[in-house]
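Q: My questions will all concern the structure given below.
Residue numbers (UniProt numbering), protein chains in the order written: chain A, 1 to 1202; chain B, 1 to 68.
Take a look at the structure:
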């Protein structure tokens, strides 16, 4: 079964399967459904760490040194636990600066140095080639052993075969083709290989499955479990399986652990998978435990396998091949084939990823910078894409051939484990530059250069050369006696340092010179400005927001694009331009913004490396001499500072534009509290002096006025330990608030724990605030016109950095801005309050008692201030009532005052009881005269233009007389539900002059509802007044409603959302004084008639239950009738009204008006009216169309029905 | 994007775990278990190292899960 062709066929099929997986993943990625955007896939892809070494070499190592191999897996577990501290930084830096390889990272960190990048690339290639050759050796050996089944051979028996018959060569060429297919088919700015990562994750499962299968087989099939296996091993005295002591030195154990900690990051393939191919840094969280778990699973059977191999095969097979030879010895062909596929899988994955990573380094950091030197004509070549791809492919083939050559020359007879360690030690040389560069800003290019060269040289001398010597390439005396016999220079006992194993020895020396050189040279020199700038970008990656230094250079968009096209191809360049997040360029001729240039450079840097990208971009933006460049960097430094200031200004601008959107003090304070969270502080509290909230002038700081009202609290959480809104805080003299009030300056308390003063306000609360996490405070005053309105406190709890001096001035600035808005709001509050109070005082508080109509009213001031609407209900004698509605032009205090005057005037005129048209005439006259005076005084605020409606309703006759001066006509809702707008002659607004006013007379059925209103109710800016009137009509239509209900219904239907004018609404439902409450008599002009009337009146009063008033009423009537007979003319009528009062009226047709006289003692006449005025509560005269009425009212204790 | 307090805390806890793990797998603690004995039929050192390993992995997973 295990014929050569079968093995080859299955191998090729397996590689085809891997490629198929990769191809599928690429297709998925193109469709936007990435497979690798998954934490588990990420964790599994990290298992590229497990190479063919894991499969074969570990068991070999365990057979001789027992558990000693395990450090290689414990180290990564520890390093990944540090991942959140270390790896996350590297991932974020690489993403932001588009660094696609380890050499790019080092180069970019130390001022984008091309020399450093090249050096790192060389060291990586030299250091890793032995490791690659190890994989080639493992695969080809396994193949050779397997195809000789059932014979079990050892690698040493395979001997040296001619080149063309060597399986290794063909494996190498096959893998080179495979790698190119995987990783260098096309160029991608991000240097991501989705397919490759997916394939690696897949093959990780295959190799795990293979090793677990053979482990279970050996442990539980060939032996009866762990106990049996180890008992036999103990009996056979294989102590190396049980202890380290005597087999592995503790020193090399520790070094192995440390080296593997570094390798899990610094091996080029690990860098590629962990950093470059990482899609989301949160995936690290799963990788941190899932990958160690994977390692645990894949190593769990290593020691049992070694024990099984030693027991079953012993020396008949090489321990490095036990995994393969154990199943073979048991005749398990399928299992052996599975192990072979697992080994092939592990080796292929390692070689593919490693060579892709190395080829990226070689092309980006070594070849491209050389080709792109300013002198080179290449920088101006039309299409560099093919060239870059060519370089990559050549590098892949060369690296693999180099690995093969090493394998041919030095690989024979070497134990697999030793190979890997040499590579681990080589890449560990990068650790000081990279890890130091992450946390220490002081490292310089020269420091890295010296450290790296020295460390690398030491590695080569103490580790690489001895491995050559052991392979027989150098004479053994080189190791034993030192070069040229100089004992002090013996590679494994350098300078006489003995007693250490080779690894500890090599690591001690290389770490010493590497770290020493890096730190020492860095400290002696100074970082250049470029290095400093990059150092800040790298070390502060987690705190600094995105945005690199700007380059102060100019180029057109078209020129930049053509550079990108040369490297990325037309499509790639367009993609790169499209991915620019800012506003896209208008045309190719447009000047590129520094941002765009930076973006383009970053895109390019993904493909050709940071240093090369800079060189390429320089060809179009103009390569500058080095000194100028330094100046530019310095400008960059300065512009960073400017940038910081600009950000603060932006913040201030945004914050202040959010404050003061209303004229409300509390809301303004809340806006201030909101504006600074979370951009500046985590919590903000605003405390104002109590008078400020009422609109009054505050008196803070003077004497005992140490009270502030907490007005606003805002923060990133709702549950806070601070004083809550509405609490009164009495601050102590030592508190920051008191010091702020005293000095008028903002106070900074950078560390609350170290400052006692602020706790004096309330020690318990202060403790709670500290427990809550608040650690830093700024208290800023809120000054306006030299007066302090209050203070604002900014707290930090979540943000770790305390406030600094810059923050202090920013806080003070923000507070000053806010204070102006607060003061505006305070003044508005005061003035608005005054105007409202004035108007309220001018409007009727409660309507006077009267029985003629049932009224309800509403007054709604306009939102923007008080207006000049007014209304009134005035009881008139004779069971009548006057209804008034008016509107003064304009808003504000002036309108309110004018309204007050007009209202008073109407009140006064009404006491003369003129008909409505006449009353309006008087009012007109008043307005005209007043305005003449006002205009003469130079004042322009006149009363002219005011409108007025005046209606008088008689509840006995149901007559209603209405006149209006420019006011909207009232609506009348009949008891039957119909609605009409009364046809009242319009008249002109007051003060215009011209036509006299006219009254309309109408008779209203009982229960009619007269609806009077101002234009604010029906007029809108956005709609015709007729629409409003129609709406009103609709609302009034229908069933009988009380005036209150009508008011509610009307406002609900017609109240606008934004009320720009004030609204007055008055609804009166008419009543009728019943026939039983009215009595009248005609009296002939004969004194004899008087007693008859008196008798009739007396009888009527008795009927009304008012017999007590009979005497006085008789007296009043006889006086009035006598007067009418003596001075008046025509028929005389007497009327009695029993309503709220008892009214006696005497009508005659004369127009002479009676007047009160004080009769002298001897006068015969003149006593009548005097007597009436004494007996009646009120009396008076009013004129009718055909004469006059003299009336007298007496109060009654019990009104009718009461 | 500034570093949040949660991330800083997570990094600190994990770093402490790494330090603990490192101390447990190197001498002198390691030497205490480095002897030719068996426990439950398997070598003491083997059992010890895998136990430490499992505990560290479990703790890392627990800390990561809690931070989410």
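We put the beta carbon where it would ideally sit given N, CA and C, even for glycine. Given the structure is predicted, the values throughout are model-derived calculations rather than measurements.
For the candidate residues A:691, A:178, A:423, A:325, whose alpha-carbon lies nearest to that of residue 141 of chain A?
A: Start at 1 with the first residue of the first chain, and residue 141 of chain A comes out as number 141. Ranking the options by Cα distance to residue 141 of chain A, first place goes to A:325.
Q: Provide the residue span of the alpha helix (DSSP H) that contains residue 170 of chain A, from first to last.
A: To locate residue 170 of chain A, count along the first chain from 1; it is residue 170. Here the alpha helix (DSSP H) through residue 170 of chain A covers 167 to 183.
Q: Going along the chain, which residues of its own chain have a beta-carbon closer than 6 Å to the beta-carbon of residue 392 of chain A, five neighbours each way excluded?
A: In the first chain, residue 392 of chain A corresponds to position 392, counting from 1. Answer for residue 392 of chain A: 184, 359, 363, listed in chain order.
Q: Tell me which residues of the segment 271 to 290 of chain A have at least one Cβ-Cβ distance to chain B shorter than 7 Å, keeping chain order.
A: So the list reads 285, 288, 289, given in the order they occur along the chain.
Q: Just the Cα atoms here: how many angstroms apart are residue 8 of chain B and residue 215 of chain A?
A: On the second chain, position 8 is the one that residue 8 of chain B refers to. On the first chain, position 215 is the one that residue 215 of chain A refers to. One C-alpha to the other measures close to 41 Å.
Q: Compile a chain-ordered list of the residues in the segment 247 to 262 of chain A whose CB is closer than 8 Å to at least one CB of chain B.
A: Taking 8 Å as the Cβ-Cβ cut-off against chain B, the residues of the segment 247 to 262 of chain A that qualify are 250, 253, 254, 257.
Q: How far does the alpha helix (DSSP H) with residue 97 of chain A in it extend, from its first residue to its last?
A: By one-based count along the first chain, residue 97 of chain A stands at place 97. Unbroken alpha helix (DSSP H) run through residue 97 of chain A: 87 to 97.
Q: Measuring CA to CA, which of A:852, A:944, A:285 is closest to residue 953 of chain A?
A: Numbered from 1 along the first chain, position 953 holds the residue referred to as residue 953 of chain A. Closest by alpha carbon: A:852.
Q: Leaving out five residues before and five after residue 130 of chain A in sequence, what residues of the same chain have Cβ atoms less than 7 Å from its Cβ?
A: As a working note, residue 130 of chain A is residue 130 in the first chain. Counting only Cβ-Cβ distances below 7 Å, and skipping sequence neighbours, we find 406, 419, 422, 423.
Q: If you draw a straight line from the alpha carbon of residue 229 of chain A to that of residue 97 of chain A, how long is it in whole angstroms?
A: Here residue 229 of chain A refers to the residue found at position 229 when the first chain is read from its first residue. Here residue 97 of chain A refers to the residue found at position 97 when the first chain is read from its first residue. If you take the alpha carbons of residue 229 of chain A and residue 97 of chain A, they lie about 54 Å apart.
Q: Measuring CA to CA, which of B:67, B:63, B:49 is closest to residue 244 of chain A?
A: As a first step, residue 244 of chain A is located in the first chain; it is residue number 244 there, counting from the start. Closest option to residue 244 of chain A, Cα to Cα, is B:49.
Q: Quick one: using the 10 Å Cβ neighbour count with 16 as the cut-off for buried, is residue 495 of chain A buried or exposed?
A: To locate residue 495 of chain A, count along the first chain from 1; it is residue 495. Counting Cβ neighbours within 10 Å, residue 495 of chain A comes out exposed, since fewer than 16 surround it.
Q: Could you spell out the range, first to last residue, of the alpha helix (DSSP H) harbouring residue 503 of chain A?
A: Here residue 503 of chain A is taken as the residue at index 503 of the first chain, counted from 1. Where residue 503 of chain A is concerned, the enclosing alpha helix (DSSP H) stretches over 502 to 524.
Q: Is there a Cβ from chain B that is less than 9 Å from the Cβ of residue 688 of chain A?
A: As a working note, residue 688 of chain A is residue 688 in the first chain. Cβ-Cβ to chain B under 9 Å: no for residue 688 of chain A.
Q: Measure the alpha-carbon distance for residue 121 of chain A versus residue 284 of chain A and round it to whole angstroms.
A: Numbered from 1 along the first chain, position 121 holds the residue referred to as residue 121 of chain A. Numbered from 1 along the first chain, position 284 holds the residue referred to as residue 284 of chain A. Each residue's alpha carbon lies about 26 Å from the other.
Q: Which residues share a DSSP beta bridge with residue 3 of chain A?
A: The residue you call residue 3 of chain A lines up with position 3 of the first chain. Partner(s): none; residue 3 of chain A has no beta bridge.
Q: Can you grab the Cα-Cα spacing for the pair residue 399 of chain A / residue 174 of chain A, in whole Å?
A: On the first chain, residue 399 of chain A is found 399 positions in, with the first residue counted as 1. On the first chain, residue 174 of chain A is found 174 positions in, with the first residue counted as 1. The straight-line gap from Cα to Cα measures roughly 14 Å.
Q: Just to confirm, is the Cβ distance from residue 347 of chain A to residue 22 of chain A under 9 Å?
A: By one-based count along the first chain, residue 347 of chain A stands at place 347. By one-based count along the first chain, residue 22 of chain A stands at place 22. No, the pair does not count as a contact, with Cβ atoms beyond the cut-off.
Q: Would you say residue 57 of chain B faces chain A, with C-beta separation under 9 Å as the test?
A: The residue labelled residue 57 of chain B in the question sits at position 57 within the second chain. It does; some Cβ of chain A falls within 9 Å.
Q: Three-state secondary structure (DSSP) at residue 870 of chain A?
A: One-based indexing of the first chain puts residue 870 of chain A at position 870. Residue 870 of chain A falls in the strand class under three-state DSSP.
Q: Would you kindly work out how many angstroms separate the C-alpha atoms of residue 328 of chain A and residue 149 of chain A, rounded to a whole number?
A: Translated into the one-based positions of the first chain, residue 328 of chain A becomes position 328. Translated into the one-based positions of the first chain, residue 149 of chain A becomes position 149. Roughly 7 Å separates the two Cα atoms.
Q: Apart from the five residues on each side of it in sequence, which residues of its chain come closer than 8 Å, Cβ to Cβ, to residue 1151 of chain A?
A: Here the question's residue 1151 of chain A lines up with position 1151 in the first chain. These residues qualify, in order along the chain: 1183, 1187, 1188.
Q: Looking at residue 1008 of chain A and residue 973 of chain A, is the spacing between their C-beta atoms short of 9 Å?
A: For the purposes of this step, residue 973 of chain A is taken as the residue at position 973 of the first chain. For the purposes of this step, residue 1008 of chain A is taken as the residue at position 1008 of the first chain. Their beta carbons are under 9 Å apart, which means residue 973 of chain A touches residue 1008 of chain A by this criterion.
Q: Check the C-beta distance from residue 988 of chain A over to residue 965 of chain A and give it rounded, since I have them as a contact under 8 Å.
A: Taking the first residue of the first chain as position 1, residue 988 of chain A is located at position 988. Taking the first residue of the first chain as position 1, residue 965 of chain A is located at position 965. Contact holds; Cβ gap of about 7 Å.
Q: Do residue 794 of chain A and residue 725 of chain A have their CB atoms nearer than 9 Å?
A: Residue mapping note: residue 794 of chain A aligns to position 794 of the first chain, counting from 1. Residue mapping note: residue 725 of chain A aligns to position 725 of the first chain, counting from 1. Taking 9 Å as the Cβ cut-off, residue 794 of chain A and residue 725 of chain A do not qualify as a contacting pair.
Q: Would you say residue 239 of chain A faces chain B, with C-beta separation under 9 Å as the test?
A: Start at 1 with the first residue of the first chain, and residue 239 of chain A comes out as number 239. By this cut-off, residue 239 of chain A is an interface position.
Q: Can you check which of these residues, A:76, A:95, A:50, is closest to residue 260 of chain A by C-alpha distance?
A: Stepping through the first chain from its first residue, residue 260 of chain A is reached at position 260. When each option's Cα is compared against that of residue 260 of chain A, the closest is A:76.
Q: Listing by chain order, which chain B residues have their CB less than 7 Å from the CB of residue 245 of chain A?
A: Position 245 of the first chain, counted from the start, is the residue given in the question as residue 245 of chain A. The contacting residues are 34.
Q: Under a three-way DSSP split, which group does residue 735 of chain A fall into?
A: Along the first chain, read from residue 1 onward, the residue named residue 735 of chain A stands at position 735. Coil, per DSSP.
Q: Evaluate residue 967 of chain A with the Cβ neighbour count: other Cβ atoms within 10 Å of its Cβ, from every protein chain shown; 16 or more gives buried, anything less gives exposed.
A: Walking along the first chain from the start, residue 967 of chain A turns up at place 967. Buried is the call here.
Q: Do you know offhand how far residue 711 of chain A's Cα is from residue 686 of chain A's?
A: As a working note, residue 711 of chain A is residue 711 in the first chain. As a working note, residue 686 of chain A is residue 686 in the first chain. One C-alpha to the other measures close to 6 Å.
Q: Using a Cβ cut-off of 9 Å, pull out every chain A residue sitting near residue 38 of chain B, in sequence order please.
A: Within the second chain, residue 38 of chain B is the residue found at index 38, counting from 1. Residues of chain A passing the Cβ test: 227, 230, 231, 234, 242.
Q: According to the Cβ coordinates, are residue 134 of chain A and residue 61 of chain A closer than 9 Å?
A: The sequence position of residue 134 of chain A within the first chain is 134, counting from 1. The sequence position of residue 61 of chain A within the first chain is 61, counting from 1. No, these two residues do not count as a Cβ contact at 9 Å.
Q: In chain B, which residues lie with their C-beta within 8 Å of the C-beta of residue 81 of chain A?
A: To locate residue 81 of chain A, count along the first chain from 1; it is residue 81. Chain B residues near residue 81 of chain A: 14, 15, 17, 18, 21, 56, 60.
Q: Taking beta-carbon pairs under 7 Å, can you tell me which members of the segment 61 to 74 of chain A lie near chain E?
A: The question asks about chain E, but that chain is absent: this structure's protein chains are A and B.
Q: Would you identify the three-state DSSP class for residue 1185 of chain A, choosing helix, strand or coil?
A: Position 1185 of the first chain, counted from the first residue, corresponds to residue 1185 of chain A. Residue 1185 of chain A: coil per DSSP, three-state reduction.
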